[in-house]
Amino acid sequence: MDAGKFEGLSLVATSARRSDVRDLLHHASREGMISFAGGLPDADLFDLAGINQAIDLIQSRSLRRGLQYGATEGQPNLRAAVAELMRRRGVPTLLDDLLITTGSQQGLDLLARALVNPGDLVAIESPTYLAAVNALELTRPRFLTVPTTSCGMDVDALVSSQARPKLLYVVPTFSNPCGAQMPLEARIKLLQWAADKKVFVIEDDPYGELRFPATPALPSLHQLASHQPGAHGWVAYLSTLSKCMAPGLRIGWMMAPASVLDACIRIKQAMDLHTSSLVQEIAAAYLQSGLMDAAVERMRVTYESRYRVMREALEDAFGDQMTIGEAAGGMFLWARFNDGTHTRALLTEALRDNVMFVPGNAFYAQGNLGASELRLSFVTNATERIREGVQRLKSAHARLHAERSCEAIVQP
Ligand SMILES: Cc1ncc(COP(=O)(O)O)c(C=O)c1O
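For my numbering, count along the sequence shown from 1 and bump the result up by 1355.
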């Protein structure tokens, strides 16, 4: 055995995939790089004053509690503050309906472990948030990929497929990677189908609060399920403070039917006992301060103007060579080259110009799709850098195509 390679790795370890996006992020810290790659909120929009105020309050009032072990379900004051937030999102919520998780990513992992056995059929959007697929994959399911349209998961295609998966994972509000929002009728149809076929739905909602100012809020699947005959009890809901407060805190939450929530609490206990008490105290104090609303409003306004600048810059740079998706919130623009550009090759070229994005291929569970597609985050950079980044992308694209046509000339 070679000294660096241990051959006794478990099935879980061997099925754990590397994330392309994570692997790319080390380039993002390079001097001068303009990154449209990661789903990173703009750190300049973190509410430093408000969060500092919350930290000061914890230091003076509840530091001991923050340094102590806590309940697996989460600190009661954070659960109370999240319950209030959910009530304001239109969902009557009690403390016992909530499990605080270490980011919504942990919620995905817990639900996968609680619900999926090897070989179970799990429906996902195609393309989708690949870190969710990575979490699900550890439980060794089979995947049923459902195509997406500009309206998110193609519910009609799913319903007419006659498939009966055990579980469905969906990001109906400003999806990652496409930024799509599923319309109300499709949400209702999806829930009718789930209730009818007895399919458990995981609704992942990290971006719902980041709707552009003029975008009306749509009810979540979770919210609709309580009014939909038979659908109640078939939806788990995940959300997070990562996008509206700060991702480094790693605070998310889960709402699910009691037996599923209880299973997740037992599994979480075995995984990490509980999410950091100190960070939960800080998050609770910040939510209680009421300052997050203004911070989120600033993000909505700023992100929408960046979205418009990015779209316009891409349209000017690429014209008919590119089809650009629409977003009404969230963080991502999804685009496709119509001129045969291979976006992995373009990325290699773009990195030489200090600009990066994620090639579309990274978001498909089947490796050979999305070769001409790409995801661009419009939130991380201010407008001037967005324009500059798109210009760099344009030169990388021109160079790639110039090289290709030279190859075509020399290779008979
Ligand atoms: C769709 C989706 N779900 C979950 C997450 C993970 O969020 P968290 O930071 O709360 O773990 C992300 C992060 O980018 C995401 O895009």
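Quick reminder that beta carbons are idealized off the backbone N, C-alpha and C, glycines included.
Predicted model only: the values in this text are computed from it and were never measured.
Collapsed DSSP secondary structure at residue i in the structure displayed
i       : result
Glu1428 : coil
Pro1767 : Unreliable placement is indicated for Pro1767, whose pLDDT of 47 sits below 50; the coordinate value is still reported in the next sentence. Coil, per DSSP.
Thr1483 : coil
Asp1397 : coil
Met1609 : strand
Leu1433 : helix
Gly1507 : strand
Pro1502 : strand
Asp1694 : coil
Arg1497 : strand
Phe1712 : coil
Phe1361 : coil
Asp1559 : strand
Met1441 : helix
Leu1688 : strand
Val1525 : strand
Ala1535 : coil
Arg1759 : helix
Arg1730 : strand
Ser1785 : Absent from the structure is residue 1785, since the part of the chain shown begins at 1356 and ends at 1767.
Ala1518 : coil
Ala1478 : strand
Element boundaries [beta strand (DSSP E), containing residue i]
i       : result
Tyr1592 : 1590 to 1595
Met1665 : Unbroken run through Met1665 is the alpha helix (DSSP H), 1647 to 1673; no beta strand (DSSP E).
Ser1415 : Element bounds for Ser1415: not the beta strand (DSSP E) but the alpha helix (DSSP H), 1403 to 1416.
Leu1454 : 1453 to 1457
Met1677 : 1677 to 1679
Residue from the options with nearest C-alpha to residue i
i       : options                            : result
Pro1502 : Val1514, Lys1544, Gly1563, Thr1494 : Val1514
Met1677 : Tyr1658, His1752, Gly1744          : His1752
Gly1685 : Arg1663, Glu1704, Leu1476          : Arg1663
Gln1517 : Leu1491, Arg1495, Ala1549, Pro1538 : Ala1549
Gly1645 : Leu1545, Val1437, Asn1716          : Val1437
Leu1688 : Ser1581, Ala1409, Pro1538, Thr1735 : Thr1735
Ala1383 : Phe1529, His1756, Val1713, Glu1728 : Val1713
Glu1659 : Leu1565, Val1556, Phe1555          : Leu1565
Gly1725 : Glu1704, Leu1702, Thr1698          : Thr1698
Asn1723 : Gly1394, Asp1402, Pro1482          : Pro1482
Ala1541 : Gly1607, Arg1661, Ala1478, Ala1512 : Ala1512
Bounding residues of the alpha helix (DSSP H) (the contiguous stretch that carries residue i)
i       : result
Ser1614 : 1613 to 1627
Val1471 : Run containing Val1471: none; DSSP gives neither H nor E here.
Val1367 : 1366 to 1370
Leu1576 : 1576 to 1580
Arg1542 : 1539 to 1552
Glu1564 : Per DSSP, Glu1564 belongs to no alpha helix (DSSP H) and is neither H nor E.
Glu1636 : 1632 to 1644
Cβ neighbour criterion (16 or more within 10 Å) applied to residue i
i       : result
Tyr1424 : exposed
Pro1767 : A caution first: Pro1767 carries a pLDDT of 47, below 50, which makes its placement in the model unreliable, though a value can still be read off. Exposed, since its Cβ has fewer than 16 Cβ neighbours within 10 Å.
Gly1363 : exposed
Lys1360 : exposed
Val1510 : buried
Gly1674 : exposed
Gln1624 : exposed
His1629 : buried
Arg1519 : exposed
Gln1414 : exposed
Lys1553 : exposed
His1577 : buried
Gly1563 : buried
Thr1369 : exposed
Gly1585 : exposed
Gln1460 : buried
Gly1715 : buried
Gln1721 : exposed
Asn1407 : exposed
Under 8 Å between C-beta atoms of residue i and residue j
i       : j       : result
Thr1457 : Arg1605 : yes
Gly1474 : Arg1444 : no
Arg1747 : Asp1694 : no
Thr1570 : Ala1683 : yes
Gln1840 : Gln1583 : Outside the shown range of the chain (1356 to 1767) lies residue 1840, about which nothing can therefore be said.
Met1508 : Glu1480 : yes
Ala1392 : Leu1493 : no
Met1654 : Phe1733 : no
Phe1718 : Pro1532 : yes
Arg1742 : Ala1668 : yes
Leu1616 : Leu1366 : no
Leu1593 : Asp1560 : yes
Asp1378 : Met1610 : no
Leu1755 : Leu1706 : no
Closer than 7 Å: residue i CB and nearest ligand 2 heavy atom
i       : result
Gly1458 : Ligands present in the displayed structure are limited to ligand 1, and ligand 2 is not among them.
C-beta neighbour in chain B for residue i, strict 8 Å
i       : result
His1382 : Within the model displayed, chain B is absent; a lone protein chain is all it includes.
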